[in-house]
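Residues in the sequence shown are numbered from 56 upward in steps of one, following the numbering used here.
Here's the structure we're looking at; comments come further down.
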Amino acid sequence: MPNEREYRRRIRAWILYDWANSAFATTILAAVLPVFYDKVAGANLPSAVRNWTLTLSLSLAIVAVIAPVLGTMADVMRGKKRFLGIFVGIGVLGTSLLVFVGHGDWLLASAFFVVGRVGFAASNVFYDSLLPHVARPADQDRVSAQGYAFGYLGGGVLLAINAVMLTTMDPDVAFPLTFLSVAVWWGLFSIPIFLRVPEPEAAERREEGSVVATSFRRLGRTFSSIRKYRQLFRFLIAFLVYNDGIGTIIGVAAIYGASLGFSGAELILAILLVQFVGIPFSLVFGGIASAGSKRRAGFLAFVLANVVLLPVVGVVGAYILPPDVVGARPAAIEAGDGFVGEGAVLEPGEIPDGDHVLLNYRGRIRVTYAVGPGFGTIDGGPDFRIDTASDRLAFRQERIYDPDAPGRHEPLLRARGGPVTIEKLEALPAERESDLALIFAMLVGVQAVAFLFAVTVGRVLFAGLASRMTPKSTIVLALCAYFVIAVWGFALGAVMEFWFLAFFISIVQGGSQAISRSLYAALSPKALSGEFFGLFSVMAKFSAILGPLVFVASESLFGGVRPAMLGIAGFFVIGLLLLSRVDVEEGRRVAAEADARAFGKDGDGHE
Numbered sequence: 056m057p058n059e060r061e062y063r064r065r066i067r068a069w070i071l072y073d074w075a076n077s078a079f080a081t082t083i084l085a086a087v088l089p090v091f092y093d094k095v096a097g098a099n100l101p102s103a104v105r106n107w108t109l110t111l112s113l114s115l116a117i118v119a120v121i122a123p124v125l126g127t128m129a130d131v132m133r134g135k136k137r138f139l140g141i142f143v144g145i146g147v148l149g150t151s152l153l154v155f156v157g158h159g160d161w162l163l164a165s166a167f168f169v170v171g172r173v174g175f176a177a178s179n180v181f182y183d184s185l186l187p188h189v190a191r192p193a194d195q196d197r198v199s200a201q202g203y204a205f206g207y208l209g210g211g212v213l214l215a216i217n218a219v220m221l222t223t224m225d226p227d228v229a230f231p232l233t234f235l236s237v238a239v240w241w242g243l244f245s246i247p248i249f250l251r252v253p254e255p256e257a258a259e260r261r262e263e264g265s266v267v268a269t270s271f272r273r274l275g276r277t278f279s280s281i282r283k284y285r286q287l288f289r290f291l292i293a294f295l296v297y298n299d300g301i302g303t304i305i306g307v308a309a310i311y312g313a314s315l316g317f318s319g320a321e322l323i324l325a326i327l328l329v330q331f332v333g334i335p336f337s338l339v340f341g342g343i344a345s346a347g348s349k350r351r352a353g354f355l356a357f358v359l360a361n362v363v364l365l366p367v368v369g370v371v372g373a374y375i376l377p378p379d380v381v382g383a384r385p386a387a388i389e390a391g392d393g394f395v396g397e398g399a400v401l402e403p404g405e406i407p408d409g410d411h412v413l414l415n416y417r418g419r420i421r422v423t424y425a426v427g428p429g430f431g432t433i434d435g436g437p438d439f440r441i442d443t444a445s446d447r448l449a450f451r452q453e454r455i456y457d458p459d460a461p462g463r464h465e466p467l468l469r470a471r472g473g474p475v476t477i478e479k480l481e482a483l484p485a486e487r488e489s490d491l492a493l494i495f496a497m498l499v500g501v502q503a504v505a506f507l508f509a510v511t512v513g514r515v516l517f518a519g520l521a522s523r524m525t526p527k528s529t530i531v532l533a534l535c536a537y538f539v540i541a542v543w544g545f546a547l548g549a550v551m552e553f554w555f556l557a558f559f560i561s562i563v564q565g566g567s568q569a570i571s572r573s574l575y576a577a578l579s580p581k582a583l584s585g586e587f588f589g590l591f592s593v594m595a596k597f598s599a600i601l602g603p604l605v606f607v608a609s610e611s612l613f614g615g616v617r618p619a620m621l622g623i624a625g626f627f628v629i630g631l632l633l634l635s636r637v638d639v640e641e642g643r644r645v646a647a648e649a650d651a652r653a654f655g656k657d658g659d660g661h662e
């Protein structure tokens, strides 16, 4: 065992890798690459969204297949750090190659993204599997939570820098620099884990035959040993279900918000809010689950106060405050005699030079058009002209015409100087108006009230409950909060509610995932941590499948995505029921016995 100073250094080095690789999760996965793929790399595709979805599915399928095998190989070869280094290199390489992707290079973008995503996900298998070797059992909840907190901070800091670059620089320069910054950030901040964290000891027994054959044999035995590690696998099934709900909320939040009429700027700011607010709350959840934390009663009171206050203030405020303050959706713009209202769509297609298309409408209009060689100008009058001539063909370009006065408008969209292609004309609802300064002031006010409650009567009132909190019950608390989030998302109507809901998500998102990771580590034998975290990774990947299908089914059956949120709420109910059947103490005992057989003595796999 290392001395206390060296132990803390190893913990810091392990935590810093979350800071390093979260740059990929925020900038590449969530915020920037999807937009770049749609507007640049896939601009000449009829449906860039379809290709992007297939690319995501392919990368997930590859990782789901190789992760448990790689984890098992690392256990057999005593190679967790070696494989971590290999896949960090693969991920950094794939990310850096995105710099060379240009207009229309969707195939290259897909290929390089798959390489980067495989490196990112596979490296996490080995990173997570190091946790039980780096942190003592009593520290694992706290250390896992700190990792998520630093991950939020690192990803948020770089995303904020990238957002400034993308808004102030030429896109042809900003996008490549953004991708390069992620690769450099990831590679640079990964160095400490290789310098400070030693390679864990492998299990003593080494089977005959090749490493690959041994890995497959051990993996087969892992699947067949469900009876022996039944508490671990019960937790895995519960995790599969509830993490599907969590992952779906994370993955569709931006799309869902856009479908309800929230602006792109609001959605980007919400992503940054979740990143930065998630930092302290990841630590708070780690403190609740940690028996050694002196502040756990105050932490619990603070979280419970937020669980109550955020929905109440958000919903009540949205109903009693003026619509132009809370951003309530304006009344629908109805059709009238000779003109259409909100929701009307025309798809005129190619318009020869000199011809025109007419849309009589009320409110705003969105024009979706193509640009290309030999194209002319869409002329809609003195305030609305679009030059569609370009040396490169690109579809799905958009422009919104927002007249100063409400009422009936008749834009005569004429082609001049060459043919034009208007893919779609849509009559849009009126824009929401909100007072973001007041909304954020109310959020701060809620936090002040929750804090005062926690440090006064709250820590006394909940002292008994806090002393009984375990990692399992902390996850239960988070899942109950997620149930409220899903139901609230179904009824979401105002900008104020959107911001309060985003804040609510940031409270539980990092903590729930961090405690799930540390609880899984506690139930896993250290001798098999690689292959068991490989299974954990597979479950995490498969848990990204069912939730999105619920949204697809909702849109097909009901014509919208709101009902899907109630389906996601069901994931949390089922997850809670399955989690209630997990006997954590029994699982810990079985894991400790397995380590005693593998390592000898007390089964301690630390170095």
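Beta carbons are placed, not taken as given, at the ideal position from N, Cα and C, and that holds for glycine.
This structure is a prediction, so every number in the text was calculated from the model and none was measured.
- In the displayed model, H158 falls within coil according to three-state DSSP, outside both helix and strand.
- The Cβ atoms of G431 and T476 lie no closer than 8 angstroms to each other.
- CA-CA distance, R285 to A122, rounds to 21 angstroms.
- Buried is the label assigned to F553, since at least 16 other Cβ atoms lie within 10 Å of its Cβ.
- One alpha carbon belongs to A177, the other to V380, and they sit about 46 angstroms apart.
- In the structure shown, the three-state DSSP call for F181 is helix.
- A98 is the residue among S489, F234 and A98 whose C-alpha sits nearest the C-alpha of R447.
- The beta carbon of A360 lies closer than 6 angstroms to those of A505 and F508 in the same chain, with the five residues before and after it left out.
- Below 8 angstroms, enough C-beta pairs join the stretch 296-305 and the stretch 562-571 to call them touching: three or more.
- If you draw a 10 Å sphere on the C-beta of K349, you find fewer than 16 other C-beta atoms in it, and that means exposed.
- A straight line joining the alpha-carbon of A164 with that of V170 spans about 10 angstroms.
- Apart from the 5 residues on each side of it in sequence, V605 sits with its Cβ closer than 8 angstroms to the Cβ of T303, A619, G622 and I623 in its chain, given in chain order.
- Around D160, the same chain offers A96 as residues with beta carbons nearer than 6 angstroms, after the five sequence neighbours per side are excluded.
- Taking 8 angstroms as the cut-off, the Cβ atoms of V296 and F591 do not count as close.
- In this structure, the CA atom of G418 is about 59 angstroms from the CA atom of S579.
- Where Y456 is concerned, the enclosing beta strand (DSSP E) starts and stops at A449 to Y456.
- Counting every other CB atom within 10 Å of its CB across the protein chains shown gives G398 a total below 16, marking it as exposed.
- Taking 8 angstroms as the cut-off, the beta carbon of L365 is found no closer than this to the beta carbon of F538.
- At the C-beta level, A356 and G513 come within 8 angstroms of one another.
- Judged by pairs of C-beta atoms under 8 angstroms, the stretch 193-207 does not touch the stretch 136-156, as fewer than three such pairs exist.
- Exclusion of the five residues before and after I334 leaves A204, Y207 and L208 as the residues of its chain whose Cβ lies within less than 7 angstroms of its Cβ.
- By the Cβ test, the stretch 643-651 is not in contact with the stretch 566-574, since fewer than three Cβ pairs between them sit closer than 8 angstroms.
- Just so you know, the alpha carbons of L574 and F288 end up roughly 12 angstroms apart.
- Excluding residues up to 5 positions away in sequence, R133, K135 and K136 lie with their Cβ nearer than 7 angstroms to the Cβ of E254 in the same chain.
- Here V87 carries a coil assignment [DSSP, helix/strand/coil].
- Annotation: N58 to R64 spans about 10 angstroms, alpha carbon to alpha carbon.
- Around the C-beta of S114, 16 or more other C-beta atoms lie within 10 Å, and the residue is accordingly described as buried.
- The Cβ atoms of A238 and T150 lie closer than 8 angstroms to each other.
- When rounded, the separation of the alpha-carbon atoms in E402 and L324 is 33 angstroms.
- Excluding its 5 nearest sequence neighbours in each direction, K527 has C-beta neighbours in its own chain below 6 angstroms: V639, listed in chain order.
- Considered as a whole, the stretch 480-511 harbours 491-508 as its complete alpha helix (DSSP H) runs of no fewer than 4 residues, in chain order.
- Separation of D225 and V154 (C-alpha to C-alpha, rounded to the nearest whole angstrom) is 15 angstroms.
- Rounded to the nearest whole angstrom, the C-alpha separation of V395 and V412 is 14 angstroms.
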